[in-house]
Structures are given as structure tokens and as C-alpha cells.
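So the protein lines, in turn, are chains H and L. Residue 87 in our numbering sits at position 58 of the first sequence; the count goes up by one each step and never skips. Residue 273 in our numbering sits at position 255 of the second sequence; the count goes up by one each step and never skips. All C-beta atoms, glycine included, are put in the ideal place defined by N, C-alpha and C. Here is the structure we will look at, set down as C-alpha cells.
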Amino acid sequence: MELVDDRRIASLTALSRDPALSPFHARAAQLPVNRGHVEEIVVARPDLVITAGRAPPLATRLLERLDVPLLEFEHAETFAAYARNLVRLAGVLGVEQRAHTLLQTLWRTLGAHEPPALPGQAPRAIVYQPNGYTPGTHTLVHRVLRHAGLRDVAGELGLDGGGFVSLERLLLARPDVIVFAGRRDAAASLAEAMLHHPALRALLDGPQAPRTVTVAAHLWTCAGSYAASAVHRLGAPGR
Amino acid sequence: MTRSHAGPDAHAADHPPPRFGLRLALAAVLLVLFVAALCVGTVTLNPLDLPALLGAHEEAPLAIVVAEIRLPRALLAVIVGASLGLAGAALQGLLRNPLAEPGIIGVSGMAALAAVLTFYTGLAAASVWILPLGGMLGALAAVAALALLSGRETRILTLILAGVAINSLAGALTTLVLNLTSNPFAAYEIFFWLLGSLANRSFEHVFMIAPFTVVGWWLLLRTGRGLDALSLGEDTAASLGIDTRRLKGRVILGAALSVGSAVAVSGVVGFVGLVVPHLLRPLVGHRPGALLSASMLGGATLTLAADLGTRVPLPQGELKLGVVTALIGAPFFLRLVLRGDAR
């Protein structure tokens with residue numbers, strides 16, 4: 030969606046309309062969406078099908094028979110991987126210049142392709158989502174934290190892909206910064222109510238309270254040039 | 019060990035049974051487990067450090083962990099377990115069947131369904147009392163339906179099967195409601211409501227259910243004499259001056275209040291009301307009345323022990339409380355059925 034205008038989009042994943050996940054949810058609301066079923070893809074009559082990860086074998090065979098090219102992308106967990114994906118897709122779509130401009134802006138904002146080494150006294154941050162979910166060190170979120178000059182507590186807790194951190198572990202980890210991601214409606218689910226637990230409130234109201242930041246989850250759920258604004262939001266620009 | 023507290027008659031065969039000794043022993047175990055519940059977790063504490071931590075009014079993270087996370091959680095385990103044990107014993111006395119357990123006969127399931135309806139529709143946000151009230155209404159509906167069934171000369175098997183049907187329906191509807199809820203996290207919370215948990219509970223939940231629970235306990239604990247008489251048959255009970263309709267009403271209301279409010283904050287924790295009375299029955303001389311307070315203590319002890327069992331560190335969060343109680347309880351249930359106790 031960063032590369033082309035709406036006329037060239039036959040159908041999007043339905044997830045693109047979810048405000049919690051997609052920075053393009055407003056645009057996506059105006060466009061056709063699919064839930065990944067083969068029937069929907071056939072009806073949309075695309076000239077090209079793009080998937081995140083491997084397409085299911087049944088869909089692959091069907092698209093071959095219909096002579097529709099299929100482009101499979103690895104989920105990008107680093108900005109470098111995102112850049113590779115973007116350049117590859119732009120090549121197929123014939124919009125190399127657009128991709129070049131996007132990436133130039135991104136690298137300028139981040140300061141470097143890879144996050145810098147952080148000094149030992151850099152503040153320690155933990156991303157704390159509903160249910161106590163914390164993305165791990167193999168995720169884009171970890172990269173964003175480091176680009177923002179924050180040490181990721183997920184590493185200390187041994188989380189690679191991510192995992193659930195109990196309130197006890199959160200409190201005892203003594204982070205300098207707690208990053209909430211998106212919604213925290215206590216009345217809507219037990220997962221979100223957990224973020225209003227009296228123990229967490231006591232910590233945040235206490236004398237040794239960590240700094241808190243809220244970063245909309247859609248800024249870093251998937252890699253994109255927009256993820257640079259998550260770095261900004263965390264308070265310390267990359268360089 | 020327990021008999022030494024039971025007075026001079028304790029050694030005379032099994033009569034009278036060592037009732038106070040049993041309760042004292044249960045209370046002692048409960049106390050030890052309670053201290054353990056405050057000490058065990060991400061960081062394990064020395065029990066001798068507890069008073070200083072709880073007494074200090076500083077906001078050190080460890081003090082917050084003990085005072086705001088572990089303490090309310092342990093209290094809730096005691097309250098929920100006591101309610102389940104007590105209600106199990108009372109229902110078994112009333113229905114004269116050892117299989118009558120809040121989880122098996124659908125009382126907990128209906129309470130969970132009603133609690134889910136109030137929570138995920140946003141009703142519960144209006145007042146703290148709505149969530150436990152929902153749970154109690156759900157429980158009341160299930161107990162009342164079963165009691166109505168048992169009023170006529172219904173066979174016990176029919177009664178239990180009706181309970182099983184109510185339970186399945188409640189579980190299915192709970193799942194349906196959570197699947198239909200637009201909140202992205204709700205679907206994952208099916209596990210909480212159907213398997214029970216005390217994770218992330220706080221003093222808000224303790225205070226939320228305390229008034230209803232206390233009234234429920236009071237109602238149930240006063241049914242001892244009536245249940246003893248009822249064990250001799252309804253006619254005999256009536257001739258002993260027991261108003262069986264009043265007795266039934268009291269058990270129904272007491273079970274609905276205590277179990278309904280418990281489920282509203284902990285989800286369905288199964289098997290406690292089954293295992294505990296079953297284990298303790300021989301120790302109180304098979305008297306339903308004496309079983310009540312013993313089961314209350316036993317239920318609290320078992321639930322607190324099971325909740326300690328959930329704290330085994332797992333990469334994807336912790337075990338659900340209902341999983342641990344089912345691992346303990348299901349084999350008991352099977353044994354009960356196979357031995358033919360559940361006539």
C-alpha cells in the first residue's frame with residue numbers, strides 16, 4: 030500500500046481494516062478485502078497475488094492453472110529485511126523510484142540500517158501488551174526499541190519470539206520505561222483489565238515509577254516506513 | 019495426630035468422630051499453604067521476611083508483589099475453594115448423592131455464562147456488583163432447575179444427567195458469546211471462564227464477592243441439622259420437625275450466592291466440591307452436617323494447593339487452576355463411579 034495507489038489494488042487482506050494492526054485501516058475500508066480463501070482470490074481476478082509467508086498448496090496449484098503469478102514474501106522482522114522485500118516488490122510492480130524514495134526517508138530517520146550498539150547505562154524498556162504479552166528479541170519491536178536508544182528487557186527475560194510476562198515478573202524486572210501498545214480498555218476484556226491491576230497502578234504511582242509511553246501497535250506489528258514514527262514516539266531519535 | 023485434639027471420647031471406636039481434630043489439622047495445613055502462597059513465585063521469599071514486607075509502607079516492587087498480587091490471590095483461593103467445598107457438601111447432602119458437585123451439575127457453568135454475559139456486554143462496567151450478581155443469578159437458575167427436578171420422585175441418575183446437559187449447554191453458550199464478542203482478546207478468554215484461574219486477580223475481586231460469599235456461607239452452614247435429618251429420609255426428617263422446603267431453599271440460595279460469586283471472579287474451577295467432601299466423609303462419620311465446615315476448610319486447602327501448582331513456570335503463561343483441580347479430581351470421579359458409590 031506504500032507503493033501503489035488504490036486503483037492498482039484488487040483486494041487486500043481483511044486484517045488491513047483492523048485499526049489495531051494496520052496503519053492503512055482508513056484507506057483499506059474503501060477497498061475490497063479477502064480472508065485468504067481461494068474462492069475470493071479467483072473472483073477478484075488479480076494480475077498478481079502477494080502473500081506473507083508461503084501460500085497454501087491448494088491455492089498455489091489453482092493460481093498456476095489460472096496463470097496468475099504468485100509472489101511470496103518472508104515476514105520482515107528487521108528494517109533490512111523490509112527494505113529487501115520492498116525493493117523486490119517495487120521491481121515487479123515497476124515502481125522502483127517510489128521504493129527508493131521511501132527507503133531514503135526511512136534510513137534518514139533511523140540513522141542506520143542496523144540499530145547502534147547501546148551503552149550499558151541506556152534505559153531499559155519493556156513493551157507490555159494486553160495479557161502481559163511482550164514481543165521478543167527476534168521481532169521488529171525489538172529493533173524499534175534499540176533504534177530509539179532503549180535496551181529491551183525482553184532479552185533479559187529470555188524472550189526470542191515473544192511471550193507472556195506476569196505482573197510479578199514485570200514489577201520485579203524494574204524497567205525504566207514501560208511501553209503500552211494500543212488499547213487498554215479495562216471493561217472490554219480480562220486481557221486489557223490486567224493492565225489496570227492495582228499492583229501496576231501502585232508501581233506507576235510510586236516514587237520509583239518507570240516512564241510510560243503508548244505506541245499504537247499498528248506502527249510496528251508489520252515493518253513499514255511508518256515504523257520510524259514509533260522510534261520517534263519512544264522519545265529518543267536513533268542517532 | 020488429629021485424634022489427640024478430639025477430646026476424651028476420641029479413642030472409643032469411631033464414635034464420636036474426631037471432628038474438631040480434623041478441622042484443626044485442616045486449618046493448620048491451610049495456614050502453612052497460605053504462607054507458602056505468599057512466598058512462592060517469580061522470586062521465592064523467606065517466610066520470615068514477610069512481616070517486614072507487608073508492614074512496610076514503601077512502594078518497593080517486591081512489597082507491591084506480595085501485598086497486591088500474592089495476598090489477594092491467596093485470599094481468593096481460600097474463599098473460592100471454601101465456597102466450592104461447602105456448596106458441594108451441602109448439595110450432596112440435599113440431593114443425597116455424592117456426584118452432586120457445582121461443576122458437574124452445571125451450577126458453575128451457568129454462573130460463568132451469566133458472568134460472561136455481564137462482562138463482555140459492558141454491563142459490568144456500570145457497577146462492581148453487576149459481575150457477581152450475574153454469576154449468582156446464573157448459579158441460581160441452575161440450582162433451582164435441579165432442585166425442581168429433584169422435588170418430584172425423580173431418579174438420581176436423571177438429575178445428574180440433567181445437570182450434565184445444563185453444564186454442556188452453558189459451556190457451549192459461553193464459548194459462543196466469547197466468539198461473537200468483537201474484542202480481539204475475548205476468544206482467548208474462553209480458557210479462563212471454562213477452566214478457571216486466579217491469575218491477575220486483586221483485592222477489588224476479594225471485596226466484590228465478600229458480602230455475597232459470607233451470606234452464602236452463613237445460609238449453608240446453618241443447614242447441618244436439617245441435612246443430618248434428611249439423610250434418614252424425607253419423611254423421617256419431617257417427623258423430626260425439619261421443614262424440608264425451607265431447608266431446600268436455604269441450600270439453593272446459599273449455593274447460588276457462594277458459588278455464583280466465586281465463579282464470577284475465578285471462572286469454573288471443577289472437582290473441588292466433589293473430591294473434598296468425598297475424602298472427608300468417612301472422617302466425619304458420614305454425617306452430612308459435620309461434613310459442611312470440614313469441607314469448607316478442605317476446599318480452601320485443596321484450591322490453595324492447586325493454585326500453588328499452577329505457578330510452575332511455563333513459557334506461555336501459567337497453568338489454569340481448573341486444569342490442576344481436574345487432574346486431581348477426574349481420577350477421583352472415575353473411582354467414585356467405578357466403585358458404585360454413585361448409586
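With respect to the 9 angstroms criterion, residue 80 (chain L) and residue 53 (chain L) are not classified as neighbours on the basis of their beta carbons.
In this structure, the CA atom of residue 293 (chain L) is about 8 angstroms from the CA atom of residue 351 (chain L).
Note on residue 64 (chain L): under 16 other CB atoms within 10 angstroms of its CB, so exposed under the neighbour-count rule.
Excluding sequence positions up to five before and after residue 74 (chain L), its CB lies within less than 7 angstroms of the CB of 81, all in the same chain and listed in chain order. Classified as exposed, residue 331 (chain L) has fewer than 16 neighbouring CB atoms from the shown chains inside 10 Å of its CB.
Closest in C-alpha terms to residue 257 (chain H), from the list H:54, H:91, H:137, comes H:137. Contiguous alpha helix (DSSP H) elements confined to the region 88–133 of chain L occur at 89–113, taking only those with 4 or more residues.
In this structure, the beta-carbon distance from residue 282 (chain L) to residue 149 (chain L) falls below 9 angstroms.
Interface criterion met: the Cβ of residue 228 (chain H) is under 9 angstroms from a Cβ in chain L. The C-alpha of residue 263 (chain L) is placed about 43 angstroms away from the C-alpha of residue 215 (chain H). Assignment of residue 168 (chain H) by DSSP, reduced to helix, strand and coil, places it in the coil class. Shown here, residue 250 (chain H) sits in coil according to DSSP, grouped into three states, outside any helix or strand.
Annotation for residue 157 (chain H): no alpha helix (DSSP H) segment contains it, though the beta strand (DSSP E) segment containing it runs 153–157.
Among the CB atoms of chain L, one or more fall inside 9 angstroms of the CB of residue 237 (chain H). In the displayed model, residue 203 (chain L) falls within coil according to three-state DSSP, outside both helix and strand. Under the Cβ criterion of 9 angstroms, residue 103 (chain H) is not counted among the residues facing chain L. Here residue 73 (chain L) carries a helix assignment [DSSP, helix/strand/coil]. Inter-residue distance for residue 100 (chain L) and residue 231 (chain H) is about 29 angstroms (C-alpha atoms, whole angstroms). Looking at the DSSP output, residue 180 (chain H) shares a beta bridge with H:153. Between residue 318 (chain L) and residue 339 (chain L) a beta carbon distance of about 13 angstroms is seen, past the 8 angstroms cut, so the two are scored as non-contacting. Assignment of residue 74 (chain H) by DSSP, reduced to helix, strand and coil, places it in the coil class. When CB distances to chain H are screened at a threshold of 8 angstroms, the residues of the region 206–226 of chain L falling below it are 206, 207, 210, 217, 218, 220, 221, 222, in chain order.
Put simply, of L:197, L:267, L:244, L:266 the residue whose alpha carbon is nearest the alpha carbon of residue 258 (chain L) is L:244. Restricting attention to L:97, L:94, L:68, L:109, the CA atom closest to the CA of residue 271 (chain L) is found in L:109. With contacts defined by Cβ atoms closer than 9 angstroms, residue 114 (chain L) and residue 298 (chain L) do not form a contacting pair. Put simply, the CB of residue 203 (chain L) is near chain H, with a gap under 9 angstroms to one of its CB atoms.
The beta-carbon distance between residue 213 (chain H) and residue 224 (chain H), rounded to whole angstroms, is 5 angstroms. This is short enough to meet the 8 angstroms contact definition. With respect to chain L, the C-beta atom of residue 197 (chain H) has a partner C-beta closer than 9 angstroms.
Nearest to residue 45 (chain L) by alpha-carbon distance, out of L:70, L:96, L:85, L:153, is L:96. Burial check for residue 145 (chain L): the Cβ neighbour count within 10 Å stays below 16, so the residue is exposed.
Taking 7 angstroms as the upper bound on Cβ-Cβ separation, chain L lies near residues 159, 160 of the region 155–181 of chain H. The beta carbons of residue 152 (chain H) and residue 71 (chain H) sit about 51 angstroms from each other, so the pair does not count as a contact at 8 angstroms. Within chain H, no residue has its beta carbon less than 9 angstroms from that of residue 65 (chain L); the closest one is some 17 angstroms off.
Sixteen is the threshold: since fewer than 16 other Cβ atoms of the shown chains lie within 10 Å of the Cβ of residue 197 (chain L), the residue is exposed. When C-beta atoms of the region 164–176 of chain H are compared with those of the region 142–156 of chain H, three or more pairs fall below 8 angstroms, so the two segments count as touching. Using a C-beta cut-off of 8 angstroms, the region 151–171 of chain L makes contact with the region 122–137 of chain L, since at least three inter-stretch Cβ pairs fall below that distance.
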